[in-house]
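Notes follow once the structure below has been shown.
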Amino acid sequence: MPRIDNDIKLDFKDVLVRPKRSTLKSRSEVQLVKRVNLMRSYTFRNSKQTYDGIPVMAANMDTVGTFEMAKVLASHGCFTTIHKHYTVEAWKEFAENNPDILKYLAVSAGVSESDFIKMSAILEGIPAIKYICIDVANGYSEVFVQHVKDVRAKFPTHVLVAGNVVTGEMVEELILAGADIIKVGIGPGSVCTTRKKAGVGYPQLSAVIECADAAHGLGGHIISDGGCTCPGDVVKAFGAGADFVMLGGMFAGHDQSGGETIERNGKKLKLFYGMSSATAMNKHVGGVANYRASEGKTVEVTYRGDVSDTIKDILGGLRSACTYVGAAKLKELSRRTTFIRVTQQTNNIFGNTT
Ligand code: 5GP
19 MPRIDNDIKL DFKDVLVRPK RSTLKSRSEV QLVKRVNLMR SYTFRNSKQT
69 YDGIPVMAAN MDTVGTFEMA KVLASHGCFT TIHKHYTVEA WKEFAENNPD
119 ILKYLAVSAG VSESDFIKMS AILEGIPAIK YICIDVANGY SEVFVQHVKD
169 VRAKFPTHVL VAGNVVTGEM VEELILAGAD IIKVGIGPGS VCTTRKKAGV
219 GYPQLSAVIE CADAAHGLGG HIISDGGCTC PGDVVKAFGA GADFVMLGGM
269 FAGHDQSGGE TIERNGKKLK LFYGMSSATA MNKHVGGVAN YRASEGKTVE
319 VTYRGDVSDT IKDILGGLRS ACTYVGAAKL KELSRRTTFI RVTQQTNNIF
369 GNTT
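In my numbering, the protein residues as written are 19 to 372.
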């Protein structure tokens, strides 16, 4: 008989953060917000490497995890998981020209032999790159766990990110297999159709709360991956215990996002698509394999200019949230967060736009 877990699981849209009395002092509210420290410093469980930066990151998607994006995000102290379709030569050239930002980049790979070979060539050619992001749509297979073990054995001192999963027991298994950071999220993404196609998923806020608890118990870390639609959602992900928050859609549509700018009816648009959408599969592997449904959408998003403005908006939201709960730094945010369940997020009388 199928089992039903009757515990209520929540998404970002189901909660708000309750403000708390605070002892933070400043001459003005603006000063108070400005002074919030968003830098985090982590030492990873298995590689023993350390991270110092603002733990907001761009997803390893074609149009988001680009070198251009990395340059701007790094200038704000943020991280980029570079998509896996750059050549080894392109990587080498980029690394030569941008040696100072390599600590804010990860190389991405799936589990195929060819991905492993390419990733190894990049890492061996550019020793300053210390982060590896191995991700698959479904991180629940034994083959994946074995692959994480193999990568850990070959790269003992690289920071290993592995995912995606949404439950504590799998977070623990991947950390014990050698991963440092577990990527959490199945189905919440803006261009993801897994929940529609496969009916599988887990509300992201609850997934983050549960997975962070499991990871932190073992000295591991997690990334909340997918589902953030506005700066307030990024706040909620950190409040729920995420060590890093990964964004795809929120970084789409900018000058630094890959792909052409399209002009239609006087409106500027950019293409954004899921990494297992028909668009991505046609581009990279010559079509959708017939045993596998495409689980990603292709959308046109409004052109949004320089991503610097968007990142400032996100970091501003985070700083503001910290002052509302009395956190002088991002590190204190989750400890000071109480979520309240709500039936409405915003007043949309004048429409749902900013
Ligand atoms: P977003 O920030 O846009 O809500 O979510 C970004 C995340 O969506 C990515 O980091 C990745 O985990 C996930 N994603 C990207 N492309 C696809 C896809 O084609 N299918 C699915 N199921 N998830 C995707």
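Glycine residues also receive a C-beta, built at the ideal position from the N, C-alpha and C atoms.
Please classify residue i: does DSSP put it in a helix, a strand, or coil?
i    : result
R21  : coil
A180 : strand
E318 : strand
R337 : helix
T212 : helix
L42  : coil
A345 : coil
Y122 : helix
A76  : strand
G271 : coil
G277 : coil
T98  : strand
S159 : coil
G186 : helix
R58  : strand
S65  : coil
D324 : coil
N366 : coil
Run the CB neighbour count on residue i, radius 10 Å, all protein chains shown included, and call it buried at 16 or more, exposed below.
i    : result
V303 : exposed
T355 : buried
R282 : exposed
G71  : buried
V360 : exposed
F368 : exposed
V163 : buried
Q274 : buried
I227 : buried
V189 : buried
K285 : exposed
K214 : exposed
N366 : exposed
K148 : buried
N64  : buried
S46  : exposed
E187 : exposed
From the DSSP output, which residues share a beta bridge with residue i?
i    : result
G127 : Note that residue 127 is Ala in the sequence shown here, rather than Gly. Its beta-bridge partners are I152.
I241 : K201 and F262
K301 : Looking at the DSSP assignment, K301 forms no beta bridge with any residue, so it has no partner.
V33  : R359
F290 : V317
R282 : K285
D70  : S59
S295 : G314
Report the residue from the options whose alpha carbon sits nearest the alpha carbon of residue i.
i    : options                   : result
M264 : T105, E281, I100 and I144 : I100
D32  : D70, N370 and Q363        : Q363
N78  : T212, L192 and N182       : N182
S208 : K330, I26 and Q222        : Q222
L178 : C151, E187, G238 and K172 : C151
V375 : T212, W109, G143 and A113 : The structure shown has nothing for residue 375, since the chain only spans 19 to 372.
A345 : N24, D25, I26 and K43     : K43
A92  : Y69, S295, S132 and T279  : Y69
S130 : L123, S138 and A124       : S138
V106 : S224, L141 and A296       : L141
L194 : S132, G235, V184 and Y220 : G235
L50  : T98, L348, N300 and S338  : S338
E350 : F30, S126 and S59         : S59
C248 : N55, A232, F269 and A225  : F269
K201 : S242, A298, K301 and S312 : S242
R53  : C340, S352 and F262       : C340
G157 : T175, V184, V82 and F290  : V184
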